[in-house]
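The opening position of the sequence shown corresponds to residue 3 in the working numbering, with each subsequent residue numbered one higher.
Just so it is clear, CB atoms sit at the ideal spot from N, CA and C, and this is done for glycine as well.
Report on the following structure.
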Amino acid sequence: ITVVGVSNNIIYAQDPSASNVDAGDHPPAEPYGDSIPGKVMIDAETFVSKWWRDKDGSRVYQQLGIAVGPGRSGTAPEKSLAECGGEGGKPGPCPKGGGEGGKGDGKNADKSADKSADKSSHSVGDLENHSGTQATKGEVESAQQKLSAKLEAMAGAEHMDLSQRQYMGQVKDYFDGADRLHAKSANAHVFYDPSLKGAAAETDGKIVKIGPGAFEHAGSSGSLGDTFVHELEHLEDKNRFGRTNEYTPRLRQMLRAVDDPKEAMAFLSKKHGRDNAEYFVDAHFERHAGHTLTADQREHAIDAVIARAQKVFDNSTGKASAQ
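Spelled out as structure tokens, the structure:
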């Protein structure tokens, strides 16, 4: 079995014989098993309970490996595979290897691995796994109502010149969940900015700007509320991680849509759950233009949808509170 990810107390694994891992342990409502042949989701407790341990040291390990990454093609370990491991066949490290034709000290291979790891961590890491604003649908709708009311009042004000930049208040005046935000995000200023032309909103990492497109709900995320929260996600990421990207706001908006237990079951089906999640992810990112998913991000988004669906289902049955 190969572990390919860990999140929310669930082990994501690749195993052609998935039934050997957790057969019969979960009822249909908890499909951590073979949603797709070879790919499994296993809760950590079950995984650990079934992990084989060698108590007396009699088991002989044969370690095989495939090196993947820049500069790895054609390389091989210095020692034969039979020599991998510790004394008496007990577990031990395989030689580093990595030189040309199987020779060398492995330094170049190590550097390549480090670069690959750096690139991967920037694709999916702490930022992408963070829950951001944790905005609910109700909070998005409330933000839209408050923003619309403010814009209508400004448009109807006798001495208000909307051809000029106008101050609208702070983020906390419009977002009901401001107490969850970083202080800089909650206290960030909001301006109406006519220079944005057709845009509904944007942020430079310090303030949020509402554009003329807000009057027509012309934001790329859909409604004015969704577009405003999209910019808050950027602001929150910037204040907490020092960076942001287009993936995380889109991901969080998508996960907000997974909130109905009956609909969530479509992503938890053993037969078609992952297929449904893949379709859902692809449709969302195609509908909301502005970001092309990398392969890592797509897999991350699919796993996130399934984990979110499980959480929604558990909450509906009271399982989450019982745990």
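Between residue i and residue j, which are expected to be in contact by the criterion C-beta below 8 angstroms, what is the C-beta distance as a whole number of angstroms?
i: residue 283; j: residue 303; result: 5 angstroms
i: residue 258; j: residue 137; result: 7 angstroms
i: residue 142; j: residue 231; result: 5 angstroms
i: residue 130; j: residue 281; result: Actually they do not touch by this definition, with Cβ atoms about 21 angstroms apart.
Evaluate residue i with the Cβ neighbour count: other Cβ atoms within 10 Å of its Cβ, from every protein chain shown; 16 or more gives buried, anything less gives exposed.
i: residue 152; result: buried
i: residue 31; result: Confidence at residue 31 is low in this model, with a pLDDT of 37, below 50, so the placement of that residue is unreliable and no value is reported for it.
i: residue 161; result: exposed
i: residue 255; result: buried
i: residue 324; result: Confidence at residue 324 is low in this model, with a pLDDT of 48, below 50, so the placement of that residue should be treated as unreliable; the coordinate-derived value is given next. Residue 324 should be labelled exposed.
i: residue 5; result: exposed
i: residue 233; result: buried
i: residue 185; result: exposed
i: residue 211; result: buried
i: residue 179; result: buried
i: residue 278; result: buried
i: residue 227; result: buried
i: residue 187; result: buried
i: residue 195; result: buried
i: residue 163; result: exposed
i: residue 155; result: exposed
i: residue 252; result: buried
i: residue 203; result: buried
i: residue 229; result: buried
i: residue 239; result: buried
i: residue 135; result: buried
i: residue 276; result: buried
i: residue 126; result: buried
i: residue 235; result: buried
i: residue 8; result: exposed
i: residue 167; result: exposed
i: residue 34; result: Its pLDDT being 43, under 50, residue 34 is placed unreliably in this model, and the value from its coordinates should be taken loosely. Burial call: buried.
i: residue 305; result: buried
i: residue 213; result: buried
i: residue 190; result: buried
i: residue 147; result: exposed
Between which two residues does the alpha helix (DSSP H) carrying residue i extend?
i: residue 271; result: Careful: residue 271 lies outside any alpha helix (DSSP H) and carries neither H nor E.
i: residue 248; result: Unbroken run through residue 248: none, as it is neither H nor E.
i: residue 127; result: Element bounds for residue 127: n/a, residue is neither H nor E.
i: residue 307; result: 297-319
i: residue 236; result: 226-243
In terms of DSSP beta bridges, what is residue i paired with?
i: residue 14; result: 7 and 43
Are any of the Cβ atoms in chain D nearer than 8 angstroms to that of residue i?
i: residue 195; result: Chain labels in this structure do not include chain D; a single protein chain is all it has.
3-residue-minimum beta strand (DSSP E) runs that sit fully inside the region 151-217, ordered along the chain: 168-172, 191-194, 203-205 and 210-212
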